[in-house]
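Following the numbering used here, the numbering of the sequence shown begins with 78 at its first residue and continues without gaps. Here a beta-carbon is modelled for each residue, glycine too, at the ideal position from N, C-alpha and C. Computed from a predicted structure; not experimentally measured.
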Amino acid sequence: LAHFLRQEKIIGVSHVHMTGDETLMWSGALDNTVVRQAIDEGFLSITIWSKWFSMWQIFYHSQLLAYQDCLHRYQGVYDYVFAHDADDFFVPLDQKHKSIDYYIRRYCPRGTCCFSWEEFNPPNSGLTGEIGEDGNITDKIVAKHSRIPRAVYKCIHRTQDLFEIQIHGGSFWKQEGYMRALKTCCSSTLVPRIEAYVAHVHY
């Protein structure tokens, strides 16, 4: 979580709102000095979210409700929302453009822009060294080049164009087994994976 928050700040995110499970309160994660500082500065806010549905009912439904809560809580406060998890790391590949603002201005001045969501699943997980102050875990993963694209995406949406937010995908991606297209007034743009992607660091 500390690395995630560092990296979010480095890429230019204005605010992180975390919807957390009840276990977050006693896990010790909130005692970390980086996390505490982020809360004190107002960079991180947290809502504890009850699981209204069990795994065998509707797996994504409770998460989907939490996403709507986040969207409507900050609609009119922030220009864009980037729905992703603490094990998702935005990776810009253009050395001249590390800020997420560049990709927003280029690919989603309106509507939605979606990034390839790629698994980091090396056979032997681990890090090649200490993670830097920028929080970029992907830079230190042993098999960082074993990128496996998933069939769904991680997207950034302009809040004033959005009526309802979904977990994966944009307005023209509709995969079976995943949440349907989000309700937005505008089209979606897929950012080329050679320019930027989102790493799912899930060991």
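Would you call W285 buried or exposed, if buried means 16 or more other Cβ atoms sit within 10 Å of its Cβ? No answer is possible for residue 285: it lies beyond the span of the chain, which begins at 78 and ends at 280.
Return yes when the Cβ of S122 is within less than 9 angstroms of the Cβ of W129, no when it is not. Translated into the one-based positions of the sequence shown, residue 129 becomes position 52. Translated into the one-based positions of the sequence shown, residue 122 becomes position 45. No.
Whole-number beta carbon distance between T96 and A143, since they are thought to touch under 8 angstroms: Start at 1 with the first residue of the sequence shown, and residue 143 comes out as number 66. Start at 1 with the first residue of the sequence shown, and residue 96 comes out as number 19. Right, their Cβ atoms sit about 4 angstroms apart.
Closest to P226 by CA distance: which of R235, C191 and I208 is it? By 1-based counting over the sequence shown, the position of residue 226 is 149. Nearest C-alpha to P226 among R235, C191 and I208: C191.
Just the C-alpha distance for Y230 and Y274, rounded to the nearest angstrom, thanks. For this step, residue 230 is matched to residue 153 along the sequence shown. For this step, residue 274 is matched to residue 197 along the sequence shown. If I take the Cα positions, the gap works out to 9 angstroms.
If you draw a straight line from the C-alpha of G209 to the C-alpha of F166, how long is it? Taking the sequence shown and counting its residues from 1, the one referred to as residue 209 is at position 132. Taking the sequence shown and counting its residues from 1, the one referred to as residue 166 is at position 89. Cα to Cα, G209 sits roughly 14 angstroms from F166.
Distance, E85 Cα to G212 Cα: Within the sequence shown, residue 212 is the residue found at index 135, counting from 1. Within the sequence shown, residue 85 is the residue found at index 8, counting from 1. Rounded to whole angstroms, G212 to E85 spans 8 angstroms at the Cα level.
Roughly how many whole angstroms lie between the Cα atoms of T266 and F120? Working through the sequence shown from its first residue, we reach residue 266 at position 189. Working through the sequence shown from its first residue, we reach residue 120 at position 43. Going from the Cα of T266 to the Cα of F120 covers about 28 angstroms.
Residue nearest to A163 in terms of C-alpha spacing, selected from R224, Q145, I214 and L148: In the sequence shown, counting from the first residue as 1, residue 163 sits at position 86. The shortest C-alpha separation from A163 is found at I214.
For H245, which of Y180, P169, F159 and A115 has the nearest alpha-carbon? For the purposes of this step, residue 245 is taken as residue 168 along the sequence shown, with counting starting at 1. Answer by Cα proximity: F159.
Count the other CB atoms, across all protein chains shown, that sit within 10 Å of the CB of F197; report buried if there are 16 or more and exposed otherwise. On the sequence shown, position 120 is the one that residue 197 refers to. Residue environment for F197: buried (at least 16 other C-beta atoms within 10 angstroms of its C-beta).
Euclidean distance between Cα positions of A228 and F81: As a working mapping, residue 228 is identified with position 151 in the sequence shown. As a working mapping, residue 81 is identified with position 4 in the sequence shown. Rounded to whole angstroms, A228 to F81 spans 24 angstroms at the Cα level.
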